[in-house]
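In this note's numbering, the protein residues as written are -19 to 68.
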Amino acid sequence: MDEYREAVKEFYRVYRPLQKKHNLRMHSRFSIYDDGFIEIWEYTGEQRGKCVCKVKEEKDVECYKRATEALQSYGREREGVRHEQRAG
């Protein structure tokens, strides 16, 4: 259970700042039948935009870990875009 708690804690540590900064929304579902998924999308107002992450795993812990990795990559990518826009 500790591994699960740590994975969820790390996911939200990465997700929350990005959520506020880039207007992200998450949809997730986990069940007792070992089929969980997390989807995260960018929104402009009420209009859904780019899919940031779509992860489907049998184990909840793995799902959160992969989603965290995807969010970290997204954050690095977005920071790179911002730096390029400033330089240009």
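We put the CB at the ideal spot given by N, CA and C, even for glycine.
Predicted, not measured: the structure shown is a model, and the values here were computed from it.
For residue i: DSSP bridge partner residues
i   : result
H7  : E19
T24 : Q27
Same chain, Cβ closer than 6 angstroms to residue i, five either side skipped, listed in chain order
i   : result
G55 : L(-2)
8 angstroms Cβ shell around residue i - same chain, five flanking residues per side excluded
i   : result
G29 : W21, E22 and Y23
L51 : F(-9), V(-6), Y(-5), L(-2), I20, V32 and C33
Collapsed DSSP secondary structure at residue i in the structure displayed
i   : result
E37 : strand
G60 : helix
G55 : helix
Contacts around residue i, its chain only, beta-carbon distance under 7 angstroms, and the 5 residues preceding and following it disregarded
i   : result
F10 : G16 and D40
Assigned exposure category for residue i - 16 Cβ within 10 Å defines buried
i   : result
C43 : buried
I18 : buried
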